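A short write-up of the structure that comes next.
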C-alpha cells in the first residue's frame with residue numbers, strides 16, 4: 036500500500052514537472068533552471 040502511494044506521488048510530481056517544462060518552453064525559460072529547482 037505504501038509503495039503504491041509513493042508511485043502516485045512520483046507520477047504527480049512528474050506531471051507537475053512536465054507542466055512547468057511546457058510553460059518554460061513557451062516562456063523561453065531555461066530547463067536547467069527548472070531542473071535545479073526540482074532537485075533541491
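In my numbering, the protein residues as written are 36 to 75.
Beta carbons are placed, not taken as given, at the ideal position from N, Cα and C, and that holds for glycine.
Given the structure is predicted, the values throughout are model-derived calculations rather than measurements.
Between residue i and residue j, is the Cβ-Cβ spacing less than 8 Å?
i	j	result
residue 43	residue 56	no
residue 52	residue 73	yes
Within a Cβ cutoff of 7 Å, which residues of the same chain sit near residue i, ignoring the five residues on either side of it in sequence?
i	result
residue 59	66 and 69
In terms of residue numbering, what span does the alpha helix (DSSP H) encompassing residue i cover?
i	result
residue 17	Given that the chain is displayed from residue 36 to residue 75, the structure contains no residue 17 and the question cannot be resolved.
I'd like the list of long-range same chain contacts for residue i, defined as Cβ closer than 8 Å, with 5 residues on each side in sequence excluded.
i	result
residue 40	none
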